[in-house]
Amino acid sequence: MPFKIISPKNAQRIMKSVFWASGIITVIILIIIIGYILLKGIPAINLEFLLANPSDSGRSGGIAPMIVSSLYVTLVAGIVATPLGVGAAIYLSEYASENRIVKFIRFGTETLASIPSIVFGLFGLSFFVIFLGMGWSLLSGGLVLALMALPTIFQVAEVSIEAVPRSYREGSLALGSTKWETIYRVVLPAAIPGITTGIILGMARAISEAAAILFVVGSALSMPISIFDPGRPLPLHLFVLASEGISMDNAYGTAAVLVILLLIITVLTNTLVEKYQKKMMGR
Amino acid sequence: MNRIEVENLNGYFDDAHILKDINIKIPNNSVTALIGPSGCGKSTFIRTLNRMNDLISGFRHDGAVYLDGADIYDPKIDVVDLRKRIGMVFQKPNPFPKSIFDNVAYGLKVHGITEKDIIKERVEESLKAAALWDEVKEKLDKSAMGLSGGQQQRLCIARTIAIEPEVILMDEPCSALDPISTTKIEDLIHKLKNDYTIIIVTHNMQQATRVSKHTSFFLHGEIVESNLTERMFLEPEDKRTEDYITGRFG
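Here it is in C-alpha cells:
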C-alpha cells in the first residue's frame, strides 16, 4: 500500500482553500482594474464631458459623439449578428444531422473566434469600405464588429439550445405541433436566457473593440448623424487620446464611461434574464 | 370495435431487431396494458403508434398499424394530424416551462384555436377531467415547474386531453411518482377510459391488474401472450408469462 503523506481529510481542506483563493484572486483582479479606471476616470466626467463635442482634438470638451458612435456600431453589430448567429445555432442543433458540413461549420466558427481583431479590421477595410463602397462609416465598423460577435453569439446560442431537455421537444411534438412550432414556442423560450447571455457577450466584445474598427470607421470628431457617417467609438477615441499623448485625463474619463456603459448593460440584462427565468421556472 | 390494429410489425434500430412480428388489436374505449421486463420493446412499440420513433435516426420498421382502418404509415397521412388523434403521456412528467394555463392551452393554440373564451373553457374542462382543477385553479398563471411530480403528470394528461385525441398512449406514467400520486393517476385512468382508448406501458403488474381490461405480455421484442387481464393473471397460457407474473424473472 502506498504511504499517504496527506490524509484525505487534509487534502480536502487544502484543495478547498486553493479553489477559494483562486476565486478570491479573480474577483480582486476585477475590482482592482475597474476601481483603478473609475478612480482615475471619474474626476474627468461631468455633464459637459458627456454631452459636449470634443474640442482641440479631445484635449478639452466632451465625448458625446463617441458615445453615440459606440451605440451605433454596437447596435448595427447586434442587429446583423444576432439573427445570423441564432439562426445558425437553430439550424445546427435542430435541423442538421451530425455530418461533415456541420463539423466544418463548427470548426469555422471556432476559427473565426480566434482571428485577431486587427485582421478583422484589415478585412473590413478592403471588403466593406473599399469593395462594397461603404466608405469610412459607422456602418462598416458595425459590420466588422458583427463578424467578431458572430461566433460568440452562435456558440453560446447553440449550447443553450442543445441544453433544452429533449423531453420538452417530445412533449410538444406529441401534441401534434410541427418542428418549427416546437422550436418557436418551446425550445427558444426555454433557451432565451442563454441566448441573451450570448448576445450580451458578443455585444460586449463589439463595444469594447478598437483594433477591429481602426481602419474602417474613419476618425471624425463630429457628431455622427446616421450610420453612414464616419465616427469614432469610445475605445478608438481612448486609443488615440492615449497613444498620441493628447490627454491622459480624458483617456481615463473615456475608459470610465466605457466601463460604466458595459456594467449597465450587463447588470440590466442579468436582472431581466433572472426575472424571466423565475417566472418560467416558478422559483 | 377495434381502434388500433397492428399487423406483422417489425422494428429495427440500425441492425438490432427490436420488435418482432407484433400483432395486436386494441379495442375502443378501454384500457390495454403492455407489461414485460425492461428492454423488452414495449416503449419502442408504443412509440410506433404515434410515430415518435420517426424522430430517432436509425429506426425503421415494416408491417402496418391501422387507426380506425387507415394505415398510419401511409405517405398520405399527416403526422401532425395523427399525433393530434393519438396523444401521449411520457414516463417523466414533462410540462413546458410555461404557466399552468399555457401548458394546457398549448395544443389548442398550435391547432389554430384563437378565441380566448373557447381556450379558457377548454383549459378548465381539461384540468377538471384530469382531476387537477381544484388544486391549481387559484394559480393558473404560475409556472407549471412549481407543481409536484404527480400534479405535473396530471397536467400533462390535461394537456393531452385538451386536444381531444381518440387514443392516449401512456409510457409508464407513474414510474417517477409516489404511491399517492400513482393512485390519483390510476383513478383518473378509470375515469378516462369511458371516453378514450388508453394504452398503458407499465412495469408494475399490480397496476396492470388494477387499471386494464386487456393485457399483452412483451418479451425480447415479441408479444408472448395477449388476453383479458383477469384471465392472463389467473391462468396464463404461456409458460413464460406464468414465470414473469409469478416473479420468477423480470
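Sequences listed follow chains B and G, in order. First residue of the first sequence: 0, per this note's numbering; consecutive thereafter. First residue of the second sequence: 6, per this note's numbering; consecutive thereafter. Heads up, the beta-carbon is just placed ideally off N, CA and C, and yes, glycines get one too.
| Check | Outcome |
| --- | --- |
| Are residue 33(G) and residue 234(G) touching if we call contact CB-CB under 8 angstroms? | no |
| So what does residue 66(G) bridge to, in DSSP terms? | 16(G) |
| With 16 as the cutoff for other CB atoms within 10 Å, does residue 202(B) come out buried or exposed? | buried |
| Along the beta strand (DSSP E) that carries residue 39(G), what are the first and last residues, could you check? | 36 to 40 |
| Assign residue 157(B) to buried or exposed, taking buried as 16 or more other Cβ atoms, counted over all protein chains shown, within 10 Å of its Cβ. | buried |
| Tell me whether the beta-carbon of residue 268(B) lies closer than 8 angstroms to the beta-carbon of residue 204(B). | no |
| Under the rule that 16 or more other beta-carbon atoms within 10 Å means buried, what is residue 6(G), buried or exposed? | exposed |
| Buried or exposed, going by whether 16 or more other CB atoms sit within 10 Å of the CB of residue 180(B)? | buried |
| Would you say residue 120(B) and residue 48(B) are within 8 angstroms of each other, going by their C-beta atoms? | no |
| So residue 148(G) contacts chain A; which residues on that side make the cut at Cβ distance below 7 angstroms? | You won't find chain A in this structure, because its protein chains are B and G. |
| Residue 124(B) and residue 88(G) look like a contact to me (Cβ under 8 angstroms); what is the Cβ gap, rounded to whole Å? | Actually they are not in contact, since the Cβ atoms of residue 124(B) and residue 88(G) sit about 54 angstroms apart, beyond 8 angstroms. |
| So which residues on chain B does residue 131(G) lean against when the C-beta distance must stay under 9 angstroms? | None at all; the shortest Cβ gap to chain B is about 12 angstroms. |
| Let me check one thing: in DSSP terms, what residues is residue 256(G) bridge-paired to? | With chain G covering only 6 through 255, there is no way to say anything about residue 256(G). |
| Please check if any C-beta of chain B sits within less than 8 angstroms of the C-beta of residue 99(G). | yes |
| Taking 8 angstroms as the CB-CB limit, is residue 159(B) close to chain G? | no |
| So, does the segment 174 to 187 of chain G touch the segment 122 to 130 of chain G, judging by three or more C-beta pairs under 8 angstroms? | no |
| So if I threshold CB-CB distances at 8 angstroms, which residues from the segment 174 to 206 of chain B count as touching chain G? | 174, 175, 176, 177, 180, 184, 185, 188 and 189 |
| Looking at C-alpha atoms only, which residue of 232(B), 128(B), 114(B) and 54(B) is the closest neighbour of residue 139(B)? | 128(B) |
| Determine the extent of the beta strand (DSSP E) in which residue 21(G) is found, giving its start and end residues. | 21 to 32 |
| Suppose contacts are defined by Cβ-Cβ distances below 8 angstroms. Is residue 92(G) in contact with residue 40(G) by that definition? | no |
| What residues in the segment 75 to 107 of chain B have a beta carbon less than 7 angstroms from any beta carbon of chain G? | 96 |
| Should the segment 134 to 141 of chain G be regarded as contacting the segment 158 to 173 of chain G, the criterion being three or more beta carbon pairs within less than 8 angstroms? | yes |
| Please classify residue 82(B) as buried or exposed, where buried requires at least 16 other C-beta atoms within 10 Å of its C-beta. | exposed |
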